[in-house]
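The block underneath contains the structure these notes are about, expressed in structure tokens.
There are 2 protein chains.
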Amino acid sequence: MNSDLQAVTVVGLGSMGSALAAALLDRGHPTTVWNRSAGKAQALVERGARLAATPEESIAASPLIIACVLDYEALHTVLDPVVGALAGKALVNLTSGSPEQAHEAAAWAQTHGADYLDGAIMTTPPGVGSPEMMFLYSGSDAVFDVHRPTLAALGDPLHLGADPGLASLYDAALLGLMWATMTGWLHGIALVGAEKIPATAITPIAIRWLTAVNGFLTRYAAQVDAGRYPGDDATVDVQIAAIDHLIHAAADRGVDNALPEVLKAAMKRAKAAGHGSDSYASLIEVLKNPGDEK
Amino acid sequence: MNSDLQAVTVVGLGSMGSALAAALLDRGHPTTVWNRSAGKAQALVERGARLAATPEESIAASPLIIACVLDYEALHTVLDPVVGALAGKALVNLTSGSPEQAHEAAAWAQTHGADYLDGAIMTTPPGVGSPEMMFLYSGSDAVFDVHRPTLAALGDPLHLGADPGLASLYDAALLGLMWATMTGWLHGIALVGAEKIPATAITPIAIRWLTAVNGFLTRYAAQVDAGRYPGDDATVDVQIAAIDHLIHAAADRGVDNALPEVLKAAMKRAKAAGHGSDSYASLIEVLKNPGDEK
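Protein chains in written order, with my numbering: chain A, 0 to 293; chain B, 0 to 293.
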């Protein structure tokens, strides 16, 4: 413990909440913890955490409260009965939820005199504490600036803006990117695996390929913001021709094609909307406006 | 030109074939080109290429022939009438196609006394010539070893194995990963863009996030090869709960949800097959065996 460092309370000791508390203890922050079932606090207490007997006691212990519970219902179950204790405190809510839930929680905190930041954790529990991992925050700039040094114990804190819903919105968008990428990778692994190539053989090549794909994303982001999609590198028409090779090769090997079929359908909708000679970035037009291209 | 360097012929001068010939010229290779319509050769001739009057003359000019035409039908239209000239030459075929087409072309080349490598270009024309960009090759180890120094002029040459279909198979798998990643990214851009956030603001965060995702791919590749998917970082059940936040947030903002819906369906099939407490890598089981989990 280092008494120069901000005292912090962590509410919720699932695997993620426990990782947050452990990272704070590792940096020397006086750390108080509370969990519905106290047993989960044992390992943290052995590392120097103080276990509060009640939620109210946990809130009283620190000016900064970090909450990471199952969902917003659980958040309100814990905090509503003791909301009076939050006045003058800062609540950093890392519970997963929607932008709308974040807006409601921010209004609720303000009503009760608490500062509020909403946040999203862009790593798994073993990644908590690494400065490479992103923690996304949204809400008051001033509140973020005050607590940034403490939040840096958890990972690299990025402030997205004053709208408290932004962290959840970015989180949803980034998780969607992750699921799409992981499923596309698994489809490829299944395809190549049908020829007895191990996943560990193709994956380093896939990761290197994603570096090239990052270059396309950077170029296409500027196209999306400009609303113009010059197809001078590769057109939607070229991609439609190429995806049939994938679909046929996978079908021949008994690999499920639901994902490439939905990707092909999106490409064909872009073509139908007049984007056949444009770049892949033009698919944003049909994603933003489903049905418009009819 | 550098007469110590291998003479090379490039057949097909679309944007990709022209980029290949230009990269060879840049390295000083004596380069002969041929294209169905000779006009496309003009810029290359100005840079030092020799324009052959016929396909036969182009093949006679060099021991190594690189073909990059629209498809395998175009390849055979050009080369079948002059196949006698290929005896004793090496044909590197960078035309896009299926593993089966690569097998057929390899057998056809062998029948006519030519060495054969199949290849796939993992970049767009502006990336040709960069040592960071991957060129995938499959076919005889010995033929690859002989021509590797020349092929390095085009990009980083990776040899995948003696089966000539492997380059096309990897190409299909990697393009599938690219389309999934780009479409997942576009969906996220559309979602966040509904709140007036520019694509160029979220994309650097998305690219940084993909670095974390690469870590998941590396861990999950080992799980796939082992056939065991411990869900100690994040389970399929957790992902199913989280994807509803994405689907609801996107639906509220009028963004098309076909992609996340197909991803959620794959997750639910994995759960139905008993993988709810396993990692996301367990989805490989339902992708490999569509329908088995009923």
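No residue lacks a Cβ here, since even glycine has one placed at the ideal position from N, Cα and C.
- Query: When burial is assigned at 16 or more other CB atoms within 10 Å of the CB, is B:G38 buried or exposed?
  - Reply: In the second sequence, counting from the first residue as 1, residue 38 of chain B sits at position 39. Flag for B:G38 reads exposed.
- Task: Give the straight-line distance between the Cα atoms of B:A265 and B:H274, rounded to the nearest whole angstrom.
- Result: For the purposes of this step, residue 265 of chain B is taken as the residue at position 266 of the second sequence. For the purposes of this step, residue 274 of chain B is taken as the residue at position 275 of the second sequence. If I take the Cα positions, the gap works out to 11 Å.
- Query: Any residues in the segment 182–197 of chain A with a beta carbon nearer than 9 Å to a beta carbon of chain B? Which ones, in chain order?
  - Reply: T182, G183, W184, L185, H186, G187, I188, A189, L190, V191, G192, A193, E194, I196, P197
- With 16 other Cβ atoms within 10 Å as the buried cut-off, status of B:Q41: On the second sequence, position 42 is the one that residue 41 of chain B refers to. Per the 10 Å Cβ criterion, exposed.
- Query: Is any beta-carbon of chain A found at less than 8 Å from that of B:F134?
  - Reply: As a working note, residue 134 of chain B is residue 135 in the second sequence. So no, B:F134 is outside the interface.
- Query: Between which two residues does the alpha helix (DSSP H) carrying B:N213 extend?
  - Reply: One-based indexing of the second sequence puts residue 213 of chain B at position 214. Per DSSP, the unbroken alpha helix (DSSP H) holding B:N213 starts and ends at 198–225.
- Message: Using DSSP's beta-bridge definition, name the partner residues of B:F134.
- Response: The residue you call residue 134 of chain B lines up with position 135 of the second sequence. Note: B:F134 sits in a beta bridge opposite B:I120, B:P156.
- What does a CB cutoff of less than 7 Å around B:A105 pick up in its chain, not counting 5 residues either side in sequence? Counted from its first residue, the second sequence places residue 105 of chain B at position 106. For B:A105, where only same-chain residues beyond five positions count, the Cβ hits under 7 Å are Y115, D117, G138, P163.
- Query: Are the segment 192–204 of chain A and the segment 276–290 of chain A touching by the rule of at least three beta carbon pairs closer than 8 Å?
  - Reply: no
- Task: Look at the Cβ atom of A:V10, then the Cβ atom of A:V68, and state whether they are nearer than 8 Å.
- Result: Along the first sequence, one-based indexing puts residue 10 of chain A at 11. Along the first sequence, one-based indexing puts residue 68 of chain A at 69. Closer than 8 Å, so yes.
- Report yes or no: is there a C-beta of chain A within less than 8 Å of the C-beta of B:H244? Along the second sequence, one-based indexing puts residue 244 of chain B at 245. Judged by the 8 Å Cβ criterion, B:H244 is in contact with chain A.
- Task: Please list the partners that A:F215 has in chain B, where partner means a Cβ-to-Cβ separation under 7 Å.
- Result: Taking the first sequence and counting its residues from 1, one reaches residue 215 of chain A at position 216. What A:F215 touches in chain B: M181.
- Residues of its chain near A:A250, where Cβ-Cβ distance is below 7 Å and the 5 sequence neighbours each way are ignored: As a first step, residue 250 of chain A is located in the first sequence; it is residue number 251 there, counting from the start. Here the set comprises N256.
- Message: Counting only Cβ pairs nearer than 7 Å, list the residues of chain A close to B:T30.
- Response: Indexing the second sequence from 1 puts residue 30 of chain B at position 31. Going along chain A, no residue has its Cβ under 7 Å from B:T30, so there is no contact; the nearest lies around 23 Å.
- Message: Judging by CA-CA distance, which residue of B:T76, B:E99, B:Q109, B:A73 is the nearest neighbour of B:K88?
- Response: In the second sequence, the residue the question calls residue 88 of chain B occupies position 89. Selected option, being the one with the closest Cα: B:Q109.
- Task: State the DSSP-derived secondary structure class of A:T53, mapped to helix, strand or coil.
- Result: The count along the first sequence starts at 1 and reaches residue 53 of chain A at position 54. Residue state, collapsed to three classes: coil.
- List the endpoints of the continuous alpha helix (DSSP H) containing A:V91. Indexing the first sequence from 1 puts residue 91 of chain A at position 92. Premise fails: A:V91 lies in the beta strand (DSSP E), 89–92, not in any alpha helix (DSSP H).
- Query: For the beta strand (DSSP E) that contains A:V32, what are its first and last residues?
  - Reply: As a working note, residue 32 of chain A is residue 33 in the first sequence. For A:V32, the uninterrupted beta strand (DSSP E) run begins and ends at 30–33, by DSSP.
- Message: Taking 7 Å as the limit between beta carbons, can you name the residues of its chain near A:I58, skipping five residues before and five after?
- Response: Along the first sequence, read from residue 1 onward, the residue named residue 58 of chain A stands at position 59. The residues are T8, I64, V81, A84, L85, K88.
- Query: Looking only at its own chain, which residues have a Cβ that is under 6 Å from the Cβ of A:L165, when we skip the five neighbours before and after it?
  - Reply: One-based indexing of the first sequence puts residue 165 of chain A at position 166. Counting only Cβ-Cβ distances below 6 Å, and skipping sequence neighbours, we find S137, L159.
- Message: So that I know if they touch, is there some Cβ in chain B lying closer than 8 Å to that of A:K270?
- Response: Counting from one through the first sequence, the residue named residue 270 of chain A turns up at place 271. No - not a single Cβ of chain B is within 8 Å of the one on A:K270.
- Quick one: residues in its chain with C-beta nearer than 8 Å to the C-beta of A:D140, no 5 flanking neighbours on either side, listed in chain order? In the first sequence, the residue the question calls residue 140 of chain A occupies position 141. The answer, listed in chain order, is H158, A161.
- Item | Where A:T53 falls, given that 16 or more other Cβ within 10 Å makes a residue buried | Locating residue 53 of chain A in the first sequence gives position 54, where the first residue counts as 1. Burial call: exposed.
- When the Cα of B:E194 is compared with those of B:I239, B:R252, B:A172, B:E284, which residue comes out closest? Taking the second sequence and counting its residues from 1, the one referred to as residue 194 of chain B is at position 195. Of the candidates B:I239, B:R252, B:A172, B:E284, the one whose C-alpha sits nearest the C-alpha of B:E194 is B:R252.
- Item | Spatial distance of B:P98 from B:A119 (CA atoms) | As a position in the second sequence, residue 98 of chain B is number 99, starting the count at 1. As a position in the second sequence, residue 119 of chain B is number 120, starting the count at 1. Taking the straight line from one Cα to the other gives about 11 Å.
- Query: Along chain B, in chain order, which residues have C-beta atoms closer than 9 Å to that of A:P318?
  - Reply: Limits of chain A in this structure are 0 at one end and 293 at the other, which puts residue 318 of chain A out of reach.
- How about the segment 145–155 of chain A and the segment 216–235 of chain B: do they share at least three Cβ pairs that are nearer than 8 Å? Flag = no, the segment 145–155 of chain A and the segment 216–235 of chain B do not touch.
- Item | Touch test, the segment 142–149 of chain B against the segment 170–177 of chain A, Cβ-Cβ under 8 Å, three pairs minimum | no
- Query: A:H274 CB to nearest chain B CB: under 8 Å?
  - Reply: Locating residue 274 of chain A in the first sequence gives position 275, counting from the first residue. Chain B contact via Cβ: absent.
- Message: Counting only beta-carbon separations shorter than 8 Å, does B:A221 have a partner in chain A?
- Response: The count along the second sequence starts at 1 and reaches residue 221 of chain B at position 222. For B:A221, the nearest beta carbon of chain A is closer than 8 Å to its own beta carbon.
- Task: Please check if any C-beta of chain B sits within less than 8 Å of the C-beta of A:A151.
- Result: Sequence index remark: in the first sequence, residue 151 of chain A carries index 152 (1-based). By this cut-off, A:A151 is not an interface position.
- Query: First and last residue of the beta strand (DSSP E) that includes B:L351?
  - Reply: As shown, chain B starts at 0 and ends at 293. That puts residue 351 of chain B outside it, with no answer to give.
- Query: Are any of the Cβ atoms in chain B nearer than 8 Å to that of A:H158?
  - Reply: What you label residue 158 of chain A is simply residue 159 of the first sequence in a count that begins at 1. No, its Cβ sits nowhere closer than 8 Å to a Cβ of chain B.
- Message: Can you check whether the C-beta of B:S97 is within less than 8 Å of a C-beta belonging to chain A?
- Response: Taking the second sequence and counting its residues from 1, the one referred to as residue 97 of chain B is at position 98. Chain A, which has a Cβ nearer than 8 Å to the Cβ of B:S97, makes this yes.
- One or two residues paired with A:D114 in a DSSP bridge: Walking along the first sequence from the start, residue 114 of chain A turns up at place 115. Paired residue(s): A:A89.
- Task: Give the DSSP bridge partners of B:D277, in chain order.
- Result: Along the second sequence, read from residue 1 onward, the residue named residue 277 of chain B stands at position 278. DSSP, once it has assigned bridges, lists B:P229 as partnering B:D277.
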